[in-house]
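Counting from 43, one number per residue, gives the positions in the sequence shown under our numbering.
Remarks on the structure that follows.
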Amino acid sequence: MPPRNMHGLAKPKNAFATLKRIFSYMHGFKAFMVLSVIGIILSSGAGIIGTNLLKPIIDNLDEAFESGIWAKTRFIQLVVSLAVVYAVGALSSLMYMRMMLKISTTTLMRIRNDLFCKMEKLPIRFFDKHTHGELMSLYTNDTDAIREMLSNSVAQFISSAITIVGVFASMLYFSWQLTILVVVMLFVIVKVIGFVGSHSGRGFIAQQKALGRVNGYIEEMIDGQKVVKVFCHEEKADEEFDRLNEELCEAATHANTFANILMPIMNNLSYLHYAVTAIAGGIMAVKGIGGITIGTVVTYLQLTRSFSQPITQVSQQFNSVLTALAGAERIFAVIDEEPEADDGYVTLVNADIAADGTITEADHRTGRWAWKHPHKADGTVTYTEVRGNVEFDDVYFGYEPEKTVLNGISLYAKPGQKIAFVGSTGAGKTTITNLINRFYDVPDGKIRYDGININKIKKDDLRRSQSIVLQDTHLFTGTVMDNIRYGKLDATDEEVYAAAKLANADSFINHLENGYDTLLTADGSNLSQGQRQLLAIARAAVADPPVLILDEATSSIDTRTEALIEKGMDSLMEGRTVFVIAHRLSTVKNSDVIMVLDHGRIIERGNHQKLIEERGNYYQLYTGAFELE
Numbered sequence: 043m044p045p046r047n048m049h050g051l052a053k054p055k056n057a058f059a060t061l062k063r064i065f066s067y068m069h070g071f072k073a074f075m076v077l078s079v080i081g082i083i084l085s086s087g088a089g090i091i092g093t094n095l096l097k098p099i100i101d102n103l104d105e106a107f108e109s110g111i112w113a114k115t116r117f118i119q120l121v122v123s124l125a126v127v128y129a130v131g132a133l134s135s136l137m138y139m140r141m142m143l144k145i146s147t148t149t150l151m152r153i154r155n156d157l158f159c160k161m162e163k164l165p166i167r168f169f170d171k172h173t174h175g176e177l178m179s180l181y182t183n184d185t186d187a188i189r190e191m192l193s194n195s196v197a198q199f200i201s202s203a204i205t206i207v208g209v210f211a212s213m214l215y216f217s218w219q220l221t222i223l224v225v226v227m228l229f230v231i232v233k234v235i236g237f238v239g240s241h242s243g244r245g246f247i248a249q250q251k252a253l254g255r256v257n258g259y260i261e262e263m264i265d266g267q268k269v270v271k272v273f274c275h276e277e278k279a280d281e282e283f284d285r286l287n288e289e290l291c292e293a294a295t296h297a298n299t300f301a302n303i304l305m306p307i308m309n310n311l312s313y314l315h316y317a318v319t320a321i322a323g324g325i326m327a328v329k330g331i332g333g334i335t336i337g338t339v340v341t342y343l344q345l346t347r348s349f350s351q352p353i354t355q356v357s358q359q360f361n362s363v364l365t366a367l368a369g370a371e372r373i374f375a376v377i378d379e380e381p382e383a384d385d386g387y388v389t390l391v392n393a394d395i396a397a398d399g400t401i402t403e404a405d406h407r408t409g410r411w412a413w414k415h416p417h418k419a420d421g422t423v424t425y426t427e428v429r430g431n432v433e434f435d436d437v438y439f440g441y442e443p444e445k446t447v448l449n450g451i452s453l454y455a456k457p458g459q460k461i462a463f464v465g466s467t468g469a470g471k472t473t474i475t476n477l478i479n480r481f482y483d484v485p486d487g488k489i490r491y492d493g494i495n496i497n498k499i500k501k502d503d504l505r506r507s508q509s510i511v512l513q514d515t516h517l518f519t520g521t522v523m524d525n526i527r528y529g530k531l532d533a534t535d536e537e538v539y540a541a542a543k544l545a546n547a548d549s550f551i552n553h554l555e556n557g558y559d560t561l562l563t564a565d566g567s568n569l570s571q572g573q574r575q576l577l578a579i580a581r582a583a584v585a586d587p588p589v590l591i592l593d594e595a596t597s598s599i600d601t602r603t604e605a606l607i608e609k610g611m612d613s614l615m616e617g618r619t620v621f622v623i624a625h626r627l628s629t630v631k632n633s634d635v636i637m638v639l640d641h642g643r644i645i646e647r648g649n650h651q652k653l654i655e656e657r658g659n660y661y662q663l664y665t666g667a668f669e670l671e
């Protein structure tokens with residue numbers, strides 16, 4: 043199999059373009075977004091107005107102390123106005139937060155849908171090069187980072203921008219002299235944010251990459267827990283996890299060191315700014331400089347806090363935004379992957395076949411199929427009965443261009459024949475079956491299916507004409523009935539029962555707690571490996587295909603059950619082309635043709651008796667002189 047590589051998380055190449063693409067998923071929320079922006083403006087404006095109202099309130103009290111006359115009505119009006127302003131701000135905050143939550147969750151739903159739909163259309167090569175942990179990280183860590191950005195960071199940035207502008211304007215209005223201090227401190231704050239943020243950003247990128255490796259390793263260990271225990275590999279697994287976890291710890295420490303020191307630095311700078319402003323304002327109020335009153339100083343101090351707070355909040359959100367954009371680029375990189383190419387135009391159709399061989403396309407299921415072949419040259423359409431005639435003509439193939447797996451393979455399988463492939467691991471047996479269903483396309487040579495170049499056949503139609511039972515059985519969350527019906531979604535219950543009986547699975551299914559309605563989870567972990575394989579065979583049987591591929595289909599089944607299955611499968615194989623890959627040579631004795639592969643070449647071919655008489659590699663394998671690896 044081709045090698046797998048872990049691709050690390052890269053820093054966003056174009057943050058603006060990535061952000062713009064994320065926003066493109068918010069279609070249909072124009073009104074919500076407008077209302078959210080209005081809510082943010084009202085909420086931020088309420089904070090600014092509320093702070094500005096402190097000056098007249100305090101000056102009202104100051105005048106009362108100096109003159110002994112209290113403008114009580116004016117005071118009440120100001121306090122009520124202050125309460126109304128803050129109430130409007132609170133309601134506005136509630137409104138826009140709920141709307142942003144709706145927008146963010148829906149946006150993530152759409153992104154996940156696009157991501158999953160694209161992954162379903164990607165070629166097998168893509169999954170050969172990406173680990174499960176890496177791909178799962180897209181759905182977990184990366185989408186969660188985007189959710190955090192949309193639900194909090196974006197609104198926070200808008201709110202902070204409004205607050206900074208509004209507060210700065212208010213500060214200029216009250217005292218341009220004191221505002222100079224703010225500008226100086228702002229310059230220092232920006233420089234600090236820029237320095238710390240750059241180091242923190244690089245750290246968070248490394249942390250995300252390390253987290254993907256840890257998640258991938260954990261998934262592998264959970265899936266292979268039985269293997270780990272059988273070979274007493276727990277200590278070695280712990281050591282490897284400690285190493286990966288240590289890398290994550292170092293990356294997280296580096297990232298969060300700068301992120302965590304940013305807040306104390308910003309807080310202390312804010313306190314320093316507050317203290318300097320209080321001293322300068324107090325002196326100006328006492329000396330009567332610039333017409334500053336006590337109310338002005340108190341209000342200005344509050345504005346100072348209101349000014350520094352959004353800057354601090356922006357700095358806090360900087361890393362989360364960077365992480366979200368980096369994750370979004372990873373997601374969009376997968377969405378932008380080229381889907382599995384398919385230039386085929388020959389399709390599979392239901393057919394009525396007359397006694398004289400005339401084929402007519404049918405609009406209902408007939409149990410017989412034909413290839414509908416439109417000819418571009420003259421515009422005619424011909425029909426060819428699907429019989430399962432497979433031919434390889436001097437086929438060369440490698441998962442990587444520099445590593446050839448098949449070297450000039452030529453073979454043919456006539457309809458109804460059972461073709462067996464034997465040979466050591468890596469000889470190319472499974473690769474041949476991968477090429478029959480076009481998981482991979484051949485760079486050199488021809489593969490014909492019923493005399494038609496398979497490159498001309500649509501991949502979905504080609505695969506619909508085949509059923510595969512893999513060595514690694516995969517079951518899906520659902521009932522036993524659902525898992526068997528996976529091979530033919532419109533299969534009736536009777537067809538499912540018949541397929542299960544054919545595969546000799548009916549007996550153990552009826553002994554389950556709920557029979558065919560028994561719920562399977564976690565890849566059928568509540569079943570034995572043999573039972574899972576029986577369901578896979580039943581799934582292939584219900585599809586009723588003209589071509590059947592068995593890749594070590596009975597490897598996890600005892601010899602007695604295997605014998606029963608073979609009796610039941612004789613009728614399934616009747617009239618069908620069957621390709622069998624087996625290490626257990628007893629399972630291929632009755633094959634019409636046995637092909638012995640070695641290093642991507644067919645070195646022997648013939649039936650069991652012929653190969654035994656030749657006393658070659660097959661003979662030595664069968665008698666135990668050689669062993670299959």
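Think of the CB as a built atom: it goes at the ideal place given N, C-alpha and C, for glycine as much as any other residue.
Leaving out the 5 sequence neighbours to the left and right, which residues in its chain are closer than 6 Å to residue i when beta-carbon positions are compared?
| i | result |
| --- | --- |
| G81 | S134, M137, Y138 |
| L590 | S509, R618, V620 |
| A545 | L576, I579, A580, A583 |
| M227 | H315 |
| F676 | Limits of the chain in this structure are 43 at one end and 671 at the other, which puts residue 676 out of reach. |
| H296 | G245 |
| H415 | V388, T424 |
Would residue i pass as a contact of residue j if the rule is Cβ separation under 8 Å?
| i | j | result |
| --- | --- | --- |
| L592 | F621 | yes |
| L504 | I489 | no |
| H417 | T424 | yes |
| V376 | L180 | yes |
| G465 | L653 | no |
| H516 | D565 | yes |
| S362 | S195 | yes |
| L164 | E379 | yes |
| V234 | I307 | yes |
| E594 | Q513 | yes |
Determine the direct distance from the alpha carbon of residue j to that of residue i, and round the result to whole angstroms.
| i | j | result |
| --- | --- | --- |
| K498 | H69 | 39 Å |
| V79 | I145 | 13 Å |
| Y215 | E288 | 54 Å |
| G131 | L223 | 29 Å |
| P44 | Y482 | Residue confidence is low: P44 scores 38 on pLDDT, short of 50, so the model does not pin down where it sits. Its coordinate-derived value is still stated next. C-alpha separation (whole angstroms): 12 Å. |
| F58 | I353 | 21 Å |
| D436 | A462 | 19 Å |
| H650 | T521 | 41 Å |
| T519 | F74 | 37 Å |
| N659 | M637 | 11 Å |
| I188 | K445 | 40 Å |
| Y438 | P485 | 7 Å |
| I474 | I494 | 17 Å |
| A52 | A469 | Any reading at A52 needs caution, since the residue's pLDDT is 43, under 50, leaving its predicted position unreliable; the model's value is listed next. In a straight line, the C-alpha of A52 is about 38 Å away from that of A469. |
| L531 | D405 | 18 Å |
| K55 | L61 | 11 Å |
| E669 | N632 | Per-residue confidence for E669 stands at a pLDDT of 48, beneath the threshold of 50, marking its modelled position as unreliable; the derived number appears in the next sentence. Roughly 20 Å between the two C-alpha positions. |
| Q249 | F229 | 30 Å |
| T426 | S507 | 13 Å |
| E671 | N479 | Because E671 sits at a pLDDT of 47, beneath the cut-off of 50, its placement in the model cannot be relied upon, and the following sentence gives the value as read from the coordinates. One C-alpha to the other measures close to 26 Å. |
| Y259 | N309 | 40 Å |
| I496 | K278 | 47 Å |
Look up residue i in the DSSP assignment and give the residues it is bridged to.
| i | result |
| --- | --- |
| P416 | V423 |
| A73 | Per DSSP, none; premise fails for A73. |
| A248 | Looking at the DSSP assignment, A248 forms no beta bridge with any residue, so it has no partner. |
| N495 | R490 |
| Y438 | D486 |
| F463 | I623, M637 |
Taking 8 Å as the limit between beta carbons, can you name the residues of its chain near residue i, skipping five residues before and five after?
| i | result |
| --- | --- |
| V255 | According to the sequence shown, residue 255 is Arg rather than Val. Closer than 8 Å at the Cβ level, and outside the excluded window around R255, lie M48, G175, L286, E289, L290. |
| S348 | G89, I90, T93, T205, V209 |
| G369 | L51, L180, N183, D184, T185, A187, I188, Q250 |
Does at least one heavy atom of the ligand SAM sit under 7 Å from the Cβ of residue i?
| i | result |
| --- | --- |
| L143 | In the structure shown, the ligand SAM is absent, as is every other ligand, since no ligand is present at all. |
Report all residues from its chain with a CB closer than 7 Å to the CB of residue i; omit the five preceding and five following residues, and keep chain order.
| i | result |
| --- | --- |
| Q459 | T619, D634, V635 |
| T341 | T93, N94, L96, K97, F216 |
Quick one: is residue i near chain D, going by C-beta distance under 8 Å?
| i | result |
| --- | --- |
| N479 | The question asks about chain D, but that chain is absent: this structure has only one protein chain. |
Quick check: the region 197 to 211 against the region 319 to 331, are at least 3 beta-carbon pairs closer than 8 Å? no
Between the region 146 to 160 and the region 330 to 340, do at least 3 Cβ pairs fall closer than 8 Å? no
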